Ligand SMILES: [Zn+2]
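In my numbering, the protein residues as written are 3 to 170.
Shown next, in the form of structure tokens:
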């Protein structure tokens, strides 16, 4: 039974923009730019997606992986709420998370990181099978097993923790 999608309200679009740490001025700037480009007032969701994409490009350029991961995650969550496909976007959030850990591993703080480990957080029976699996950073980036394709929960809750060289 398909739930009828309600269009994103202005309030929600502005809240989402705050959650991805966009500047408040970005919303009105993008809104005005789209309005002049399209000769009509853009829907709040169009403004949000444009702000979010602009933010992604900037964070990727600046290699701010943790923030990039947060923005991708928020975008995926928004798609999920709207019952649209989101796995490809959530995958990018996981990717950026690995890049964050990988960059920390090159500093003295993270020199003992060997890679990453999956935490299924009791997501679902399928994901629980992956719990504790370890990957080097590059293996994880190439294979990217999250979100788990077989997840039965809807929104896959699995995440990563660093795998450290104590062999625990
Ligand atoms: Zn799952």
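We put the beta carbon where it would ideally sit given N, CA and C, even for glycine.
These numbers were taken from a predicted model, which means no experiment stands behind them.
- Beta-bridge partners of residue 121 (DSSP): 161.
- Residue 118 has its alpha-carbon roughly 6 Å from the corresponding atom of residue 138.
- In the displayed model, residue 136 falls within a strand according to three-state DSSP.
- As computed with DSSP, residue 115 is found in a beta bridge with 166.
- The Cβ-Cβ distance between residue 46 and residue 37 does not fall below 8 Å.
- When the five nearest sequence neighbours on each side are left out, the beta carbons in the same chain lying within less than 6 Å of the beta carbon of residue 67 are those of 98, 101, 102, in order along the chain.
- With at least 16 other beta carbons inside 10 angstroms of its own, residue 92 counts as buried.
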